[in-house]
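Below is one structure; the comments refer to it alone.
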Amino acid sequence: MRLKDKVTVITGAAAGIGKAVAEIFVREGASVLVADRDGAAAEAVAAALAPSASAFAVDVSSSAAVAGMVEAARARYGRIDILVNNAGYGIPGTVVSTAEEDWDALMAVNLKGVYLCCRQVIPLMAAQGGGVIVNTASNVATVGILDRAAYVASKGGVAALTKAMALDHAGENIRVNCVAPGVTWSTYFDKMVASHPDPETFKARLKARSPLGRWAEPVEIANAILWLASDDASFATGSMLTVDGGMTAW
Ligand SMILES: NC(=O)c1ccc[n+]([C@@H]2O[C@H](COP(=O)([O-])OP(=O)(O)OC[C@H]3O[C@@H](n4cnc5c(N)ncnc54)[C@H](O)[C@@H]3O)[C@@H](O)[C@H]2O)c1
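Residue numbers for the sequence shown follow our numbering, so the first one is 2 and each next one is one higher.
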C-alpha cells in the first residue's frame, strides 16, 4: 500500500500505460480520477476499479476542460496528492511532411496539456503542503527517431518542462519527474499492426528496437511511474527514468 489514501489524477487513463497506472495505483491504496478524452472508456476503467476510482471526460488541450477536471477532483476528494500527465499520442512525419494543423494539435495535447494540468494543480498542491507530478515523456526525447518530428519535439519539451517545474516548485515540496518509455504495447501499435501490409515483419522490427528483444507491457512502465510517485522516490525530482529495454543504451 505505497499510495495509501493518496488522491491521484491520471490523464489518458482509459487505455494503455495510463490504464495500467490506474490499476496499480488503486492496488497500492490510492483514489484515482480516471481522466481521458474517451469518456466511455474512462467510465469502464473506473467501474472496474470501483469504489476507488471515478471517471472524468477531459481533453487536456482545453484550458476550460482541465479546470473542470481539477475542480471535479477537488469536489470529489478534497485534494490532489499526485498528478500523472500521461495523455498523448504520436503521428508520423518529418517537419516537411507534417501539416501545420497536425503539428499544432499534437503539441496542444502532448506538451501544452502538461502545462495546463500543472498550472491548475500546482497551486492546490502548494496550498496542501506538497505533492508529486509524474509526466510521461518518451525515450525519443533524448535520441530522436526517424519520421516522428512533432512527437519527438513534444516529448523533448515534456522532459525539459519537467526539469523547469522541478526547480520552480521544489520550495513548495512538489516533486516533478518524468518517465521515458520505449516501445510499449498500446492501442497505437494495435492500430499500426492492423493497418500494416506485413504485420509479422512490423512486429519483429518493433521487438528488434531494444536489446531485450521485445516491447514493454504497459504495467512495466506503470511500475516505474509508481516508484516516482511514491515516497520511495522521496529524493528524486527533475529526473527522467528511462524504461526502454536498453534501446537508448545502443
Ligand atoms: N506506447 C509507447 O510505445 C509509448 C512510448 C513512449 C511514450 N509513450 C507515451 O505514453 C503515453 C500513453 O500512451 P499509450 O501508449 O498508453 O497510448 P494509448 O493510445 O493506449 O493511450 C492514450 C490515452 O490517452 C487518451 N488521450 C489522447 N489524447 C487525449 C486528450 N487530448 N485528452 C485526454 N486524453 C487523451 C486516449 O484517449 C487514450 O486513452 C503517451 O503520452 C505516449 O506518448 C508511449
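A virtual CB, placed ideally from N, CA and C, is assigned to each residue, including glycine.
Kindly list the residues whose CB is nearer than 7 Å to the CB of Asn174, restricted to its own chain and excluding five residues on each side of it in sequence; keep chain order.
-> Translated into positions along the sequence shown, residue 174 becomes position 173. Result list for Asn174: Gly130, Gly131, in chain order.
Val46 and Lys20 look like a contact to me (Cβ under 8 Å); what is the Cβ gap, rounded to whole Å?
-> Working through the sequence shown from its first residue, we reach residue 46 at position 45. Working through the sequence shown from its first residue, we reach residue 20 at position 19. The pair is a contact, with the Cβ atoms about 5 Å apart (cut-off 8 Å).
Enclosing alpha helix (DSSP H) for Met193 [first to last residue] = Locating residue 193 in the sequence shown gives position 192, where the first residue counts as 1. Where Met193 is concerned, the enclosing alpha helix (DSSP H) stretches over 188 to 196.
Kindly confirm or deny that the segment 118 to 138 and the segment 226 to 236 touch, where touching means at least three C-beta pairs closer than 8 Å.
-> Three or more beta-carbon pairs separated by less than 8 Å link the segment 118 to 138 to the segment 226 to 236, which places the two stretches in contact.
Counting along the chain, where does the alpha helix (DSSP H) carrying Phe26 start and finish?
-> Looking up residue 26 in the sequence shown gives position 25. Element bounds for Phe26: 17 to 28.
Whose CA, out of Ile92, Ala66, Ala209, lies closest to the CA of Lys192?
-> Here residue 192 corresponds to residue number 191 of the sequence shown, with the count starting at 1. Taking each of Ile92, Ala66, Ala209 in turn and checking the Cα distance to Lys192, the smallest one comes out for Ile92.
Could you name the residues of the same chain whose beta carbon sits closer than 6 Å to that of Ala255, not counting the 5 residues immediately before and after it, in chain order?
-> The chain is shown only over 2 to 251; residue 255 falls outside these bounds and no answer can be derived.
Using a threshold of 8 Å, state whether the C-beta atoms of Val61 and Cys118 are closer than that.
-> The residue labelled residue 61 in the question sits at position 60 within the sequence shown. The residue labelled residue 118 in the question sits at position 117 within the sequence shown. Yes, the pair counts as a contact, with Cβ atoms nearer than the cut-off.
Flag Ser211 as yes when its Cβ comes closer than 7 Å to any non-hydrogen atom of ligand 1, and as no otherwise.
-> To locate residue 211, count along the sequence shown from 1; it is residue 210. Answer for Ser211: no, Cβ out of range of ligand 1.
For my contact list, Ala205 and Pro182 are in at a C-beta cut-off of 8 Å; report their separation, rounded to the angstrom.
-> Locating residue 205 in the sequence shown gives position 204, where the first residue counts as 1. Locating residue 182 in the sequence shown gives position 181, where the first residue counts as 1. Not a contact, Cβ separation roughly 20 Å.
C-beta atoms of Thr188 and Ala16 nearer than 8 Å = For the purposes of this step, residue 188 is identified with residue 187 of the sequence shown, where counting begins at 1. For the purposes of this step, residue 16 is identified with residue 15 of the sequence shown, where counting begins at 1. It is a contact, given that the beta carbons lie within the stated cut-off.
Does the distance from the C-beta atom of Ala314 to that of Val159 stay below 8 Å?
-> No answer is possible for residue 314: the residues shown for the chain start at 2 and end at 251.
Status (buried if at least 16 other CB within 10 Å, exposed otherwise) for Thr95 | For this step, residue 95 is matched to residue 94 along the sequence shown. Looking at its Cβ environment, which holds fewer than 16 other Cβ atoms inside 10 Å, Thr95 is exposed.
6 Å Cβ shell around Phe57 - same chain, five flanking residues per side excluded = The count along the sequence shown starts at 1 and reaches residue 57 at position 56. Listed in chain order, the non-local C-beta contacts of Phe57 below 6 Å within the same chain comprise Leu34, Ala36, Met70, Ala73, local neighbours out to five positions each way being set aside.
Work out the CA separation of Val141 and Asp148 for me, nearest whole Å.
-> Walking along the sequence shown from the start, residue 148 turns up at place 147. Walking along the sequence shown from the start, residue 141 turns up at place 140. Each residue's Cα considered, the two are about 12 Å apart.
Use the C-beta contact count for Met202: other C-beta atoms within 10 angstroms, 16 or more gives buried, fewer gives exposed.
-> On the sequence shown, residue 202 is found 201 positions in, with the first residue counted as 1. Looking at the sequence shown, residue 202 is not Met but Thr. By the neighbour-count definition (other C-beta atoms within 10 Å, threshold 16), Thr202 is an exposed residue.
Check each candidate in His170, Leu112, Ala225 and name the one with the smallest Cα separation from Met126.
-> By one-based count along the sequence shown, residue 126 stands at place 125. Comparing Cα positions, the closest option is His170.
Straight-line Cα distance separating Ser55 from Ser1 | In the structure displayed, the chain extends from 2 to 251; residue 1 sits before or after that span and is not available.
Would the C-beta of Pro93 count as close to ligand 1, meaning under 7 Å from any of its heavy atoms?
-> In the sequence shown, counting from the first residue as 1, residue 93 sits at position 92. Not one heavy atom of ligand 1 sits closer than 7 Å to the Cβ of Pro93.
With DSSP as the reference, label Pro200 as helix, strand or coil.
-> Translated into positions along the sequence shown, residue 200 becomes position 199. Three-state DSSP puts Pro200 in a helix.
Top-ranked residue by Cα proximity to Ser139, from Met241, Trp251, Pro212, Arg28 = Position 138 of the sequence shown, counted from the start, is the residue given in the question as residue 139. Out of Met241, Trp251, Pro212, Arg28, Met241 has the C-alpha closest to the C-alpha of Ser139.
Uninterrupted alpha helix (DSSP H) stretches inside the segment 94 to 135 (no shorter than 4 residues) = For the segment 94 to 135, the full-length alpha helix (DSSP H) segments reaching 4 residues or more read 101 to 111, 113 to 129 along the chain.
Just checking my contact of Asn86 with Val115 at CB under 8 Å: how many whole Å lie between their CB atoms?
-> Taking the sequence shown and counting its residues from 1, the one referred to as residue 86 is at position 85. Taking the sequence shown and counting its residues from 1, the one referred to as residue 115 is at position 114. Yes, Asn86 and Val115 are in contact; Cβ-Cβ is about 5 Å, under 8 Å.
In whole angstroms, what is the alpha-carbon distance linking Ala106 and Val59?
-> Here residue 106 corresponds to residue number 105 of the sequence shown, with the count starting at 1. Here residue 59 corresponds to residue number 58 of the sequence shown, with the count starting at 1. For Ala106 and Val59, the distance between alpha carbons rounds to 15 Å.
Inter-residue Cα distance where the pair is Trp251 and Arg77 = Counting from 1 along the sequence shown, the entry for residue 251 is found at position 250. Counting from 1 along the sequence shown, the entry for residue 77 is found at position 76. Their backbone Cα atoms lie some 46 Å apart in a straight line.
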